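To start, the structure itself, in structure tokens.
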Amino acid sequence: MNSTDGRYTGIYRCGNRSLEIGKKTLIMGILNLTPDSFSDGGRYTDVDAAVDQCAKMVKEGADCIDLGAEATGPNSVPISSKEELERLIPSLQAIRSRFDIPLSVDTFKSETAREAITAGADIINDITGFLGDPEMAGLVAENGAGCILMFNKRTNGENKIAFEPISRRAVRELTGSVDIALKAGIPAECIMTDPGIGFGTTRAEDAELTASTLSMGLLGKYPVLYAASRKRYARVFAGGDAATEAQLDYATAGLSMTAASLGAAMVRVHNVAASRQMLDIFDNTFYAFANF
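Now the structure itself:
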């Protein structure tokens, strides 16, 4: 379903849980369980610390939590599924036993996804858009989980179509990812897309992808997740390489509101409170008129 401006509205289904799209801008809180994530690596590797951070984000207004156990930054070191699961499962199980909100797991490995769903994950957030592991789409379909499919310029390589704008390429490749999902049997209402800010892109390309957020939903067929939190694109608005974490979070909040105004259904952030405060200002005006 889509609204009059072309953005998706309706229910996004993920396992036995769901998210209502179109009443407010949703927030996905980031919970990195890694020792080497570019922003907060090492802070939440302990289960108790992870649970406490999850509780904090839920209290601040997170609508779902995205757990990641493998860093995916440009300088990150790949790890095995075994190591990823050792980092992930104890915290995922502890969080699942305490919170009833949708839980997403950021992984591109079907072996990890299978164990994560068994442990309570509702959504698989695949940064390869189902292009990295041929078994991933079928696994998600078999378990009735939700999925987030990201355009990834870094892993997809150089464009074979000369002079194609990055936004057009993203729409084309996301369409391919969605086709894989649908052919595997994943219902349309279980699919969300992500323009892939910062994954092999230049800052000019990030700006173009941001401006084209609405089109990333493929004509309003799917909700769009926007994820620029503390990335290099946020640094452009936070003072550059010398930016503090607080400055990055407020720049992220500004980008979150911008993306929401341009069609994003949900934003993925480290600092939930900062973005929730900014988004409340937007939501109280935009959705008041949209639902009038």
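This note's numbering puts the sequence shown at residues 311 to 602. Glycine residues also receive a C-beta, built at the ideal position from the N, C-alpha and C atoms. Please read all numbers here as calculations on a predicted model, not as lab measurements.
Alpha-carbon to alpha-carbon, residue j and residue i
{"i": "residue 264", "j": "residue 359", "result": "Nothing can be reported for residue 264, as the shown portion of the chain is limited to 311 through 602."}
{"i": "residue 569", "j": "residue 448", "result": "31 Å"}
{"i": "residue 356", "j": "residue 432", "result": "22 Å"}
{"i": "residue 548", "j": "residue 385", "result": "22 Å"}
{"i": "residue 594", "j": "residue 574", "result": "16 Å"}
{"i": "residue 538", "j": "residue 560", "result": "12 Å"}
{"i": "residue 370", "j": "residue 586", "result": "7 Å"}
The alpha helix (DSSP H) enclosing residue i, as first and last residue numbers
{"i": "residue 558", "result": "555 to 571"}
{"i": "residue 546", "result": "542 to 546"}
{"i": "residue 436", "result": "From DSSP, residue 436 is part of no alpha helix (DSSP H) but of the beta strand (DSSP E) over 433 to 436."}
{"i": "residue 464", "result": "463 to 466"}
{"i": "residue 513", "result": "513 to 521"}
Reduced DSSP category for residue i - H, G, I as helix; E, B as strand; rest coil
{"i": "residue 354", "result": "coil"}
{"i": "residue 449", "result": "helix"}
{"i": "residue 602", "result": "Residue placement at residue 602 is poorly supported in this model, since its pLDDT is 49, which falls under 50; the coordinates are not used for a value here."}
{"i": "residue 504", "result": "strand"}
{"i": "residue 330", "result": "strand"}
{"i": "residue 488", "result": "helix"}
{"i": "residue 317", "result": "coil"}
Residues near residue i in its chain [Cβ-Cβ closer than 6 Å; skip 5 each side]
{"i": "residue 506", "result": "460, 461, 462"}
{"i": "residue 454", "result": "325"}
{"i": "residue 602", "result": "Low confidence applies here, because residue 602 scores a pLDDT of 49, under 50, leaving its location unreliable; read the following figure in that light. Contacts found: none."}
Whether residue i touches residue j by CB criterion (7 Å)
{"i": "residue 503", "j": "residue 532", "result": "yes"}
{"i": "residue 435", "j": "residue 376", "result": "yes"}
{"i": "residue 582", "j": "residue 367", "result": "yes"}
{"i": "residue 563", "j": "residue 588", "result": "yes"}
{"i": "residue 572", "j": "residue 512", "result": "no"}
{"i": "residue 354", "j": "residue 530", "result": "no"}
Unbroken beta strand (DSSP E) run spanning residue i, endpoints
{"i": "residue 413", "result": "413 to 416"}
{"i": "residue 337", "result": "336 to 342"}
Cutoff 7 Å; reference residue i; Cβ partners in own chain excluding five residues on either side
{"i": "residue 329", "result": "322, 336, 373, 374, 412"}
{"i": "residue 430", "result": "402, 403, 406, 413"}
{"i": "residue 501", "result": "457, 459, 488, 491, 532"}
Near the ligand MN: residue i beta-carbon under 6 Å from a heavy atom
{"i": "residue 573", "result": "For the structure depicted, the ligand MN is absent and the ligand set is empty, with no information on it obtainable."}
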